[in-house]
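J.:
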Amino acid sequence: MARMHFLAGTGAVLLVLGCAMQAYRPKLENPPVTAEVQAPDEVKHILRQRCYSCHSNETQLPWYDKVAPAYWIVQHDVTEGREHLNFSTLGSKPAAAQRAALFEGVNMIQLGAMPLPSYLAVHRGAGVTPAELATLRHYLETPPPAAPQTTAAAPDDEAQYKHWLVAGEMPLRVQPEWNGVPFMPEYKDWKPISSTDRWDNHTMRQILGNEIALKAIAEGKIDDWPDGTVFAKVAWYQKPDGKGGITTGAFQQVELMIKDSRKYASTEGWGWGRWRGDDLKPYGKDAHFQNECISCHEPVRHADHVFTMPIAGAQ
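Using the numbering used here, the letters of the sequence shown map in sequence onto residues 26 to 340.
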């Protein structure tokens, strides 16, 4: 009898606690769709099926997500998801920026970072199938009607090079990034440690490392890079050589990652910077640009947020 009273009392307490939890409900509203992402119907269908619940202003919660504490978790995920990527407002950006955002999303899917494993464990329908992933990749791999390397408006590498020759007579004053990360022109003297390409915007990238980075590679300390490590990722547009091959065309941008676990503690221990064009204009409108960098590198946080796997002999 005493056991039954105890269980009944415990049940009553849990019931009251559960009801009280429902009273705290942070807002999760669906603002108007102002500029939906521009993409083919088959691509938008996949995004709607797999991504819109957390990355749009058209969130629809199943009944079990409306019950606290599950509601609190989902509300947080949706709020954060919209902040990083919102398909209901992405259409206001230039076509190239939309494709770049979608590329980052597809990259997250391929790395297993999206959908969030914890979210996918409950929402099995959010998983992107191999066929759907292939459709997304095919869209991004197909050059847009006005691909940078084929348009008259694209930077001309020969003219750009001549401009640099003249400008080289006077040191170019480059402004620090919005977050204060300084530009480091000495990156041009660093050693290449890897290379990659972006199949969505047809650019080629070379990753360079300073002496501290090279020493860490030689000692096999690439899972926790030492303070002072700096990487430079230099990007050029791809240029067909007329013989079936691809070479570097016009310069696009250079990005820096500077490791200082104390100075940059609030940004995962790294200082992030990006400078675009031959005038090396700092990227973004304010320091919030670095959220893009951190979000992109989050899937490799186990490798100290570094994608680069040094090529053999880099040390």
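For each residue, glycine too, the CB sits at the ideal point set by N, CA and C.
Determine which residues share a DSSP beta bridge with Met334 and list them.
T.: Here residue 334 refers to the residue found at position 309 when the sequence shown is read from its first residue. None, per the DSSP bridge assignment.
J.: Taking the straight line between their C-alpha atoms, what separation do you get for Gly302 and Phe276?
T.: As a position in the sequence shown, residue 302 is number 277, starting the count at 1. As a position in the sequence shown, residue 276 is number 251, starting the count at 1. Roughly 7 Å between the two C-alpha positions.
J.: Taking only three categories from DSSP, how would you classify Val92?
T.: Translated into the one-based positions of the sequence shown, residue 92 becomes position 67. In the structure shown, Val92 sits in coil (DSSP, three-state: anything other than H, G, I, E or B).
J.: Using three-state DSSP, classify Leu281 as helix, strand or coil.
T.: If you number the sequence shown from 1, residue 281 lands on position 256. Reduced to three states, the DSSP call for Leu281 is strand.
J.: Taking a contact to mean a Cβ-Cβ separation below 7 Å, would you say Val62 touches Gly116 in this structure?
T.: Here residue 62 refers to the residue found at position 37 of the sequence shown. Here residue 116 refers to the residue found at position 91 of the sequence shown. Yes, the pair counts as a contact, with Cβ atoms nearer than the cut-off.
J.: What number of angstroms, rounded off, separates the C-alpha of Asp249 from the C-alpha of Glu317?
T.: One-based indexing of the sequence shown puts residue 249 at position 224. One-based indexing of the sequence shown puts residue 317 at position 292. Each residue's Cα considered, the two are about 22 Å apart.
J.: Ignoring anything shorter than 4 residues, give me the alpha helix (DSSP H) runs that lie fully in the stretch 124-156, in order along the chain.
T.: Here the runs fully enclosed are 142-147.
J.: Tell me whether Trp297 counts as near the ligand ZN, meaning its Cβ is closer than 6 Å to at least one heavy atom of that ligand.
T.: Among the components of this structure there are no ligands whatsoever, and the ligand ZN is therefore not found.
J.: Ends of the alpha helix (DSSP H) at Gln74?
T.: Position 49 of the sequence shown, counting from 1, holds the residue named residue 74. Run containing Gln74: 66-75, per the alpha helix (DSSP H) assignment.
J.: How about Tyr282 and Phe256: are their beta carbons less than 7 Å apart?
T.: The residue labelled residue 282 in the question sits at position 257 within the sequence shown. The residue labelled residue 256 in the question sits at position 231 within the sequence shown. Checking the displayed sequence, the identity of residue 282 turns out to be Met instead of Tyr. Result yes, Cβ atoms of Met282 and Phe256 sit closer than 7 Å.
J.: Going by DSSP in three states, Asp102 sits in which element: helix, strand or coil?
T.: Residue numbering aside, residue 102 sits at position 77 when the sequence shown is read from its first letter. Correct three-state label for Asp102: helix.
J.: I'd like to confirm the pairing. Which residues does DSSP put opposite Ala260 in its beta bridges?
T.: Within the sequence shown, residue 260 is the residue found at index 235, counting from 1. Ala260 is bridged to Arg230, Gln278.
J.: Within its chain, find whatever has a CB closer than 8 Å to the CB of Asp102; leave out the 5 residues flanking it on each side and keep chain order.
T.: As a working mapping, residue 102 is identified with position 77 in the sequence shown. These residues qualify, in order along the chain: Cys79, Leu141, Tyr144.
J.: Rounded to whole angstroms, what is the Cα-Cα separation between His181 and Trp203?
T.: Working through the sequence shown from its first residue, we reach residue 181 at position 156. Working through the sequence shown from its first residue, we reach residue 203 at position 178. The residue you asked about is not His; residue 181 is Asp in the sequence shown. The straight-line gap from Cα to Cα measures roughly 28 Å.
J.: Could you spell out where the beta strand (DSSP E) holding Lys246 opens and where it closes?
T.: By 1-based counting over the sequence shown, the position of residue 246 is 221. From DSSP, Lys246 is part of no beta strand (DSSP E); its letter is neither H nor E.
J.: Give the C-beta separation of Asp252 and Lys284 to the nearest angstrom, bearing in mind that I take them to be a contact with Cβ-Cβ under 8 Å.
T.: Translated into the one-based positions of the sequence shown, residue 252 becomes position 227. Translated into the one-based positions of the sequence shown, residue 284 becomes position 259. Going by Cβ atoms, the distance from Asp252 to Lys284 rounds to 5 Å, so yes, they are a contact pair.
J.: List the endpoints of the continuous alpha helix (DSSP H) containing Ser113.
T.: By one-based count along the sequence shown, residue 113 stands at place 88. Where Ser113 is concerned, there is no enclosing alpha helix (DSSP H), given that its DSSP letter is neither H nor E.
J.: Figure out for me which residue from Tyr289, Pro324, Met334, His322 has the closest Cα to the Cα of Ala312.
T.: Mapped onto the sequence shown, residue 312 falls at position 287. That would be Tyr289, whose Cα lies nearest to the Cα of Ala312.
J.: Report back the beta-carbon spacing between Glu211 and Ile71 to the nearest angstrom; my notes put them in contact at under 8 Å.
T.: Along the sequence shown, read from residue 1 onward, the residue named residue 211 stands at position 186. Along the sequence shown, read from residue 1 onward, the residue named residue 71 stands at position 46. Going by Cβ atoms, the distance from Glu211 to Ile71 rounds to 44 Å, so no, they are not a contact pair.
J.: Pull up the CB-CB distance for Ser113 and Val153, whole angstroms please, since I reckon it's below 8 Å.
T.: As a first step, residue 113 must be located in the sequence shown, where it is residue number 88. As a first step, residue 153 must be located in the sequence shown, where it is residue number 128. Not confirmed; about 19 Å, so no contact.
J.: Which class does Val62 belong to by DSSP, given the choice of helix, strand or coil?
T.: For this step, residue 62 is matched to residue 37 along the sequence shown. Reduced to three states, the DSSP call for Val62 is coil.
J.: For Arg198, which of helix, strand or coil comes out of DSSP?
T.: Translated into the one-based positions of the sequence shown, residue 198 becomes position 173. If DSSP states are grouped into helix, strand and coil, Arg198 belongs with coil.
J.: Just curious, the beta strand (DSSP E) that Ser220 is in, first and last residue?
T.: Here residue 220 refers to the residue found at position 195 of the sequence shown. Taken as a continuous stretch (DSSP letters only), the beta strand (DSSP E) holding Ser220 covers 216-223.
J.: Need the endpoints of the beta strand (DSSP E) that Arg301 sits in, please.
T.: On the sequence shown, residue 301 is found 276 positions in, with the first residue counted as 1. That run of the beta strand (DSSP E) goes 295-301.
J.: Note down, in chain order, each residue of its chain lying with its Cβ closer than 8 Å to the Cβ of Ala328, except the 5 sequence neighbours on either side.
T.: Position 303 of the sequence shown holds residue 328. Correct list, in chain order: Ile247, Asp248.
J.: Based on the DSSP secondary-structure assignment, which residues constitute the bridge partners of Pro324?
T.: Here residue 324 corresponds to residue number 299 of the sequence shown, with the count starting at 1. Paired residue(s): none; Pro324 is not in a bridge.
J.: What's the C-alpha gap between Ala95 and Val147?
T.: Counting from one through the sequence shown, the residue named residue 95 turns up at place 70. Counting from one through the sequence shown, the residue named residue 147 turns up at place 122. So the two alpha carbons sit approximately 10 Å from each other.
J.: Could you tell me if Leu233 is buried or exposed, where buried requires 16 or more neighbouring beta carbons within 10 angstroms of its beta carbon?
T.: On the sequence shown, position 208 is the one that residue 233 refers to. Looking at its Cβ environment, which holds 16 or more other Cβ atoms inside 10 Å, Leu233 is buried.
J.: So, for Thr272: in the same chain, excluding its five sequence neighbours on each side, which residues have a beta-carbon less than 7 Å away from its beta-carbon?
T.: Numbered from its first residue, the sequence shown carries residue 272 at position 247. Within the same chain, Thr272 has close Cβ partners Lys264, Asp266.
J.: For His322, which residues in the same chain have their Cβ closer than 6 Å to its Cβ, ignoring the five residues on either side in sequence?
T.: Position 297 of the sequence shown, counted from the start, is the residue given in the question as residue 322. So the qualifying residues of the chain are His330.
J.: Is it right to say Ser81 is buried, meaning 16 or more other beta carbons lie within 10 angstroms of its own, or is it exposed?
T.: As a working mapping, residue 81 is identified with position 56 in the sequence shown. Counting Cβ neighbours within 10 Å, Ser81 comes out buried, since at least 16 surround it.
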